[in-house]
Ligand SMILES: NC(=O)c1ccc[n+]([C@@H]2O[C@H](COP(=O)([O-])OP(=O)(O)OC[C@H]3O[C@@H](n4cnc5c(N)ncnc54)[C@H](O)[C@@H]3O)[C@@H](O)[C@H]2O)c1
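In our numbering, the protein residues as written are 4 to 404.
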């Protein structure tokens, strides 16, 4: 029976899906360090981790049986992706599963900032009855400026519009404007027109320091600012200055340049203690619904990969989408150099087999070809394919019918 190991308290739906696909599943609550992980991976075909367990080149070299790693989270920095690709180990993550959770938090924060909810809440908890409409606004009719119109930015656009906001966005790429949203030609234009600015850009290196004193100064007076994307985008000293001066009326920040490593470590920030500033500990995507969806999504990718060779949305292998087949199937991950396909097909022909179907995709230095043939795969053919100098990994799949 093939084996799967899930660490870091992954939602139980993942174990259920893998079990019903025929895996013997072991689940651990905590993360593992390198040596414990290598020991735990003895005889394991699939590994599921979250952000704390590091899958290093050493781990991959020690456990050649490992076929795939599921990162049951968004980021994959904890995995040596080039080493995994070179070893023919597919890596999958869940890039969309918490999109809705981030969007809902952003909406909640936009309304909370516009009504100065945290200040009202704090005052009342301190026994101060301060009933006043001063500084409180509806969001209906106000202009939201979304920087980064990707998965999160575009979904926020739809929800904000449904609440009556006018939506502007700015993206480096030409994006389809949803609903009545309007694209701005530059970040400067967005900053000058929007009353609430929210950042949803990705973490590419060039975005470091995207937002500093110049950008805050360009924002309209008494506007609101949110960042639920990446901590290193924003100069928090500059944000603090603009809140203290009153130019920015409020801010909601979920991500920080230096986040505490462990639960309970002190959170240090120049934004602590400021009025109408909502600080949350990187929980934009942290909901039970998102955790469930991550479990379902990544386990599904692992099952599809091992059942029929599908690599769609793998973060390190060429992408091929396949269905089950009544034919015998093999997947050949190989160095992307001329002639490999011709040699593999010639070997199939030499064994008197016909190629029923074939799909090829390449990604950088790797090629991935999945071949269906009309009869059982002879052992000598598999030996020949494995012996080709360009072969990185050869996988065979049981007939599905
Ligand atoms: N707070 C959380 O818990 C949480 C959860 C999930 C995602 N995130 C973060 O949210 C961000 C957005 O996620 P997503 O899934 O929508 O990503 P995405 O890749 O779908 O979208 C990012 C968009 O930003 C655009 N972009 C990049 N740099 C830009 C720039 N300088 N100016 C304008 N546009 C720019 C890209 O073209 C892309 O359209 C990411 O940084 C992600 O890490 C945070």
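Ideal Cβ placement from N, Cα and C applies to all residues, glycine included. Bear in mind the structure is a predicted one, so any value in this text is a computation, not a measurement.
- Residue 263 has its CB no nearer than 7 Å to any heavy atom of ligand 1.
- Apart from sequence neighbours up to five positions away, the residues of its chain that approach residue 334 with a beta-carbon distance below 6 Å are 312, 373, 398, ordered along the chain.
- Exposure of residue 4 is indicated by the presence of fewer than 16 other C-beta atoms within 10 angstroms of its C-beta.
- Residue side-chain check: residue 339 keeps its Cβ at 7 Å or more from all non-hydrogen atoms of ligand 1.
- The criterion of a C-beta distance shorter than 8 Å is not satisfied by residue 122 and residue 297.
- At least one heavy atom of ligand 1 lies closer than 7 Å to the C-beta of residue 178.
- In this structure residue 196 is in contact with residue 171, their Cβ atoms being roughly 6 Å apart against a cut-off of 8 Å.
- Burial state of residue 275 is exposed, judged by a 10 Å Cβ sphere holding fewer than 16 other Cβ atoms.
- Per DSSP, the beta-bridge partners of residue 366 are 369.
- Residue 27: member of the beta strand (DSSP E) spanning 27-30, first to last residue.
- The Cβ atoms of residue 60 and residue 42 do not sit closer than 8 Å to each other.
- About 26 Å separates the beta carbons of residue 64 and residue 77, which is beyond the 8 Å limit, so they are not a contact pair.
- DSSP places residue 199 in the uninterrupted beta strand (DSSP E) bounded by 199-202.
- Per DSSP, the unbroken beta strand (DSSP E) holding residue 150 starts and ends at 146-150.
- Ranked by how close their Cα comes to the Cα of residue 319, the residues 165, 281, 367, 291 have 367 in first place.
- One alpha carbon belongs to residue 198, the other to residue 56, and they sit about 41 Å apart.
- For residue 105, there is no enclosing beta strand (DSSP E); the enclosing alpha helix (DSSP H) covers residues 102-117.
- Note on the segment 197-249: whole beta strand (DSSP E) runs with a minimum of 3 residues are 199-202, 226-230, in chain order.
- One thing to note: residue 148 has its Cβ within 8 Å of the Cβ of residue 194.
- Residue burial annotation: residue 127 is exposed, with fewer than 16 other C-beta atoms found within 10 angstroms of its C-beta.
- In the DSSP assignment, residue 13 falls outside any beta strand (DSSP E), carrying neither H nor E.
- With distances taken between CA atoms, residue 262 lies nearest to 273 out of 273, 252, 254, 253.
- Taking the Cα positions, residue 353 is about 11 Å away from residue 381.
- Distances from the alpha-carbon of residue 52 to those of 301, 109, 376, 125 put 301 closest.
- Here residue 357 is exposed, its C-beta having fewer than 16 other C-beta atoms within 10 Å.
- Listed in chain order, the alpha helix (DSSP H) runs fully inside the segment 264-317 are 291-311, counting runs of at least 4 residues.
- Our two residues, residue 157 and residue 330, have alpha carbons roughly 42 Å apart in a direct line.
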